[in-house]
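Numbering-wise (the numbering used here), the sequence shown opens with residue 255 and increments by one.
Glycine included, each C-beta is placed from N, C-alpha and C at the ideal position.
Here the structure is a predicted model, which means the values were calculated and not measured.
One structure is given below, encoded as structure tokens.
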Amino acid sequence: MDSVVRHVLELSRRGALRGAAGLAALAALTPRPLRAQAPGPLFTLGVASGDPWPDSVVLWTRLAPAPLEDGGGMGNDPVPVAWEVAEDDGFRRVVARGEATARPEAAHAVHVEVGGLRPGRPYFYRFTAQGQQSRTGRTRTAPAPGEAASLNFLAGGCQNYEHGHFTAWHHAAREEDVAFVFHYGDYIYEHAGRRPGQGGWGPVVRSHHGPATFTLDQYRSRHAQYRTDPDLADAQAAHPFITTYDDHEVENNWAAMQSQRDGTGRFRDVIVTPEQFALRAAAAFQAWYEHTPVRPSARPRAEHITAFRRLRFGALLDFHALDTRRFRDDQPCGDGTRIPCEAVARPDAQMLGPVQEQWLREGLREGRGTWQVLGQQVFFTPRVFPGGPISMDGWDGYPAARARVLDMLEGRNAVVLTGDVHRAWAGDIQRTPEGPALGVEFVTTSISSEGDGGEAQATAEGVLRNNPHLRFHSNRRGYTRHEVRADRLSAIYRAVPYVERPGAPREDRAHLVTLAGRPGIVPG
């Protein structure tokens with residue numbers, strides 16, 4: 255009996271606990287034995303900032319002297335945490351300061367919304383608790399409304415700790431003039447730890463701590479392990495992040511409150527009901543919020559969470575951060591990559607859900623930015639594999655939902671940002687293969703998931719032949735740098751040649767451009 259089956263049976267036995275806050279709240283409130291305040295460094299998980307507005311930004315840290323222990327080694331007492339923001343890294347010109355409380359029920363994490371800042375400029379910040387001081391972080395506010403200043407941002411995600419080193423984040427941390435980093439999801443992976451050489455999906459360069467994640471403490475420990483990576487910590491301290499989630503923050507290929515083990519796909523050893531899965535999701539969402547620099551509007555209530563949001567960057571960019579997991583229908587045809595079945599054609603298919611879809615429609619209709627950018631998770635443009643199968647987990651499995659979004663994008667200088675597939679792609683967004691481009695999609699590869707990658711192109715060449723709207727492919731790890739100007743938006747595909755050992759150099763694989771008023775990809 256594997257760990258998934260054991261946990262599901264246990265959840266079934268305790269199903270009556272489903273109620274108000276579920277297991278996540280119970281785990282958060284269960285008292286641990288009192289202990290003296292742990293010695294050692296408190297700021298082992300670093301600092302981060304996120305969701306930049308023209309006049310404010312979110313600052314984050316978590317106190318954890320023993321980050322992989324339950325509770326992070328902090329005991330049960332709340333701890334005051336001082337914070338300050340300055341115009342210089344020497345903190346001679348402090349512009350804001352205050353105190354937050356790190357509470358045990360939130361894993362001693364703090365989220366500070368700092369207001370009253372000036373638009374379009376960098377700031378430096380740090381925290382102090384129990385006589386210890388954190389590292390200094392650097393953040394940046396968004397440009398003022400109406401300001402036509404150009405800007406740059408990065409996109410990255412899919413960072414599997416076991417599959418390789420986060421060398422791409424090392425290079426991203428050293429990028430200059432970055433307004434924000436869009437993290438499209440798969441910040442953690444939920445799988446049980448493996449030993450080097452042990453079988454399973456992907457290489458084992460370094461091992462996950464602990465079993466597969468189901469409880470709140472397990473998700474907290476997994477997030478903490480990832481945040482101890484020095485390259486990721488450097489990137490989070492260097493730039494503000496706009497962070498969303500995909501599937502592995504909870505469970506592979508989950509959809510709404512449907513587990514992948516719902517009896518419709520290849521996992522038939524046990525069926526996980528929506529009620530059972532909601533318990534796991536509640537724990538996962540709570541841990542995600544505790545470790546992410548997002549505003550309080552994203553704080554979950556058990557399995558309920560609203561992580562989609564909109565940020566505006568002057569006159570040039572409206573950024574719509576989407577959630578393609580929580581409100582979608584279950585994948586059709588049993589999930590996976592399959593020949594389309596009848597269910598793919600259902601006219602009421604939901605990828606975003608009615609509320610989020612209407613929110614996006616209104617935001618695009620009222621958008622003031624030259625560029626309307628959708629930051630989301632799964633492949634948007636069609637991608638037919640040799641022989642005719644499609645990915646049921648991407649928008650190909652929900653063509654009616656995609657058609658409704660296409661109606662919103664026309665004439666909007668639309669750019670869709672994607673992750674999930676551990677490959678870099680780029681393509682034109684079209685209604686039909688013969689139709690004009692309505693926008694472009696830039697798909698960022700993984701930071702480390704699936705290891706080094708390679709140059710083998712057989713499958714990719716078949717996909718490119720079947721899908722002439724796709725213009726670029728690379729199977730290396732890395733991230734993208736996007737440069738936003740009034741007349742163009744570009745994507746520079748930055749890669750590392752290996753991640754299964756440290757120290758890889760950075761190289762650029764492509765420079766692609768879309769022009770304002772002229773949708774479609776052209777060489778940079």
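{"Query": "Euclidean distance between Cα positions of Phe634 and Glu664", "Result": "15 Å"}
{"Query": "Inter-stretch contact at 8 Å, needing at least 3 Cβ pairs: the segment 541–550 / the segment 594–613", "Result": "no"}
{"Query": "Length at least 3, wholly inside the segment 299–344: the beta strand (DSSP E) runs in chain order", "Result": "301–304, 311–316 and 333–340"}
{"Query": "C-beta contact flag for Thr498 and His437 at 8 Å", "Result": "yes"}
{"Query": "Through-space distance from Glu323 to Glu529, alpha-carbon basis", "Result": "28 Å"}
{"Query": "Buried or exposed by the 16-neighbour rule on C-beta atoms within 10 Å, applied to Asp682", "Result": "buried"}
{"Query": "Which of helix, strand or coil DSSP assigns to Asn721", "Result": "coil"}
{"Query": "Start and end residues, beta strand (DSSP E) containing Ala350", "Result": "Val348 to Ala356"}
{"Query": "Anticipated Cβ contact below 8 Å, Asp488 with His424, distance rounded", "Result": "7 Å"}
{"Query": "Closest residue to Ile442 among Asp500, Arg449 and Arg755 (Cα-Cα distance)", "Result": "Asp500"}
{"Query": "8 Å Cβ cutoff met for Val694 and Ile775", "Result": "yes"}
{"Query": "Exposure label - Ser475; buried when at least 16 CB within 10 Å", "Result": "buried"}
{"Query": "Thr518 versus Asp584 - alpha carbon distance", "Result": "10 Å"}
{"Query": "Secondary structure, alpha helix (DSSP H): runs of 4+ residues fully inside the segment 577–635", "Result": "608–619"}
{"Query": "Proximity of His727 and Ala714 at Cβ, strictly below 8 Å", "Result": "yes"}
{"Query": "Assigned secondary structure, His789 (DSSP; H/G/I helix, E/B strand, else coil)", "Result": "The structure shown does not extend to residue 789, since the chain spans only 255 to 778, so no value can be given for it."}
{"Query": "Beta-carbon contacts of His477 that lie in its chain and below 7 Å, excluding the five residues immediately before and after", "Result": "Ile442, Ala541 and His545"}
{"Query": "Supposed close pair Pro308, Pro450 - CB separation, criterion 8 Å", "Result": "Wrong, their Cβ atoms sit about 48 Å apart, outside the cutoff."}
{"Query": "Same chain, Cβ closer than 7 Å to Phe521, five either side skipped, listed in chain order", "Result": "Gln514 and Arg515"}
{"Query": "Best match in Gly352, Gly326, Phe345 and Leu296 for proximity to Leu313 [C-alpha to C-alpha]", "Result": "Gly352"}
{"Query": "CB contact flag (Val632, His574, <8 Å)", "Result": "no"}
{"Query": "Nearest-angstrom Cα separation, counted from Arg346 out to His502", "Result": "42 Å"}
{"Query": "8 Å CB neighbourhood of Ala657 in its chain, flanking five on each side removed", "Result": "Arg685"}
{"Query": "Continuous alpha helix (DSSP H) assignments of at least 4 residues falling wholly in the segment 403–454", "Result": "421–427"}
{"Query": "Environment of Thr355 [buried if 16+ CB atoms lie within 10 Å]", "Result": "exposed"}
{"Query": "Proximity winner among Val311, Ser310, Arg316 and Gly304, relative to Thr298 (alpha-carbon distances)", "Result": "Arg316"}
{"Query": "Inter-residue Cα distance where the pair is Pro550 and Gly641", "Result": "47 Å"}
{"Query": "Where Phe639 falls: helix, strand or coil (DSSP)", "Result": "coil"}
{"Query": "Residues of its chain near Val675, where Cβ-Cβ distance is below 7 Å and the 5 sequence neighbours each way are ignored", "Result": "Phe633 and Val697"}
{"Query": "6 Å CB neighbourhood of Pro751 in its chain, flanking five on each side removed", "Result": "Ala758"}
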